[in-house]
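Structure record follows, encoded as structure tokens.
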Amino acid sequence: MQGLHLTADLYQCRCDAGWLTDAARLGQWCVQAVQAVGLEPVNQLFHAFPATADGPGGVTATVLLAESHVCLHTWPEKRSVTLDVYVCNFGGDHSAKARGLMFALINRFQPEWTEQRSLDRGAEE
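Under the numbering used here, the first residue of the sequence shown is numbered 479, with each subsequent residue one higher.
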């Protein structure tokens, strides 16, 4: 199965701190971002972690897509986020949509710097 897997590690995010701690707010925005690029959300799970001695708890946000998934993990105490966008290209090439979604996600968090990777998955048929 051919697909595109994009990852990004975001550092020193300058966004409002609520984007790193508010699971409902972040989750709602993620679903809207998925729809805005033309991907189809089919389910979602947004979880806020409790605060620790290091600071407020982070969020894990997952949106299952008809085309595969998007997943985010936030670390508010480090002002960091990891992003994972994977799309299967069965029945059509969704690569441009995946790249558009990753662009929107990165812009939401306004990192000072990022480390991004791209992996083409599956053998060509």
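A virtual CB, placed ideally from N, CA and C, is assigned to each residue, including glycine. Everything numeric in this text was worked out from a predicted model, so none of it was measured.
Item to complete: Would you mind working out which of Glu555, Ala511, Gln513 sits nearest Thr530, comparing C-alpha positions?
Response: Within the sequence shown, numbered from 1, the residue matching residue 530 stands at position 52. For Thr530, the nearest C-alpha among the options comes from Glu555.
Fill in: Closest by C-alpha distance to Arg503, when choosing among Pro519, Gln490, Thr538
Walking along the sequence shown from the start, residue 503 turns up at place 25. Among Pro519, Gln490, Thr538, the Cα nearest to that of Arg503 belongs to Thr538.
Worksheet item: Tell me, which residues are paired with Gln522 by DSSP?
Response: Sequence index remark: in the sequence shown, residue 522 carries index 44 (1-based). Under DSSP, Gln522 shares a beta bridge with Val541.
Discussion item. I'd like the list of long-range same chain contacts for Cys508, defined as Cβ closer than 6 Å, with 5 residues on each side in sequence excluded.
Written reply: Within the sequence shown, the letter at position 30 stands for residue 508. The residues are Ala539, Val541.
Fill in: Reference Ala495, options Leu583, Gly536, Val548, Ala582, closest by Cα
Reading the sequence shown from its first residue, position 17 is the one you call residue 495. Of the listed residues, the one whose Cα sits closest to Ala495 is Gly536.
Worksheet item: Under a three-way DSSP split, which group does Val512 fall into?
Response: Along the sequence shown, read from residue 1 onward, the residue named residue 512 stands at position 34. In this structure, Val512 counts as helix in the three-state DSSP scheme.
Discussion item. If you measure between the beta carbons of Gln588 and Thr485, is that distance less than 8 Å?
Written reply: Position 110 of the sequence shown, counted from the first residue, corresponds to residue 588. Position 7 of the sequence shown, counted from the first residue, corresponds to residue 485. No, these two residues do not count as a Cβ contact at 8 Å.
Worksheet entry | For Phe527 and Leu579, the rounded distance between their alpha carbons | Counting from one through the sequence shown, the residue named residue 579 turns up at place 101. Counting from one through the sequence shown, the residue named residue 527 turns up at place 49. Whole-angstrom Cα-Cα distance: 25 Å.
Item to complete: Name the residue from His572, Trp591, Thr560, Leu543 whose alpha carbon lies nearest to the alpha carbon of Gln510.
Response: Here residue 510 refers to the residue found at position 32 when the sequence shown is read from its first residue. Among His572, Trp591, Thr560, Leu543, the Cα nearest to that of Gln510 is on Leu543.
Worksheet item: Is Ala486 helix, strand or coil when you go by DSSP?
Response: Your numbering for residue 486 matches position 8 in the sequence shown. It is a strand residue.
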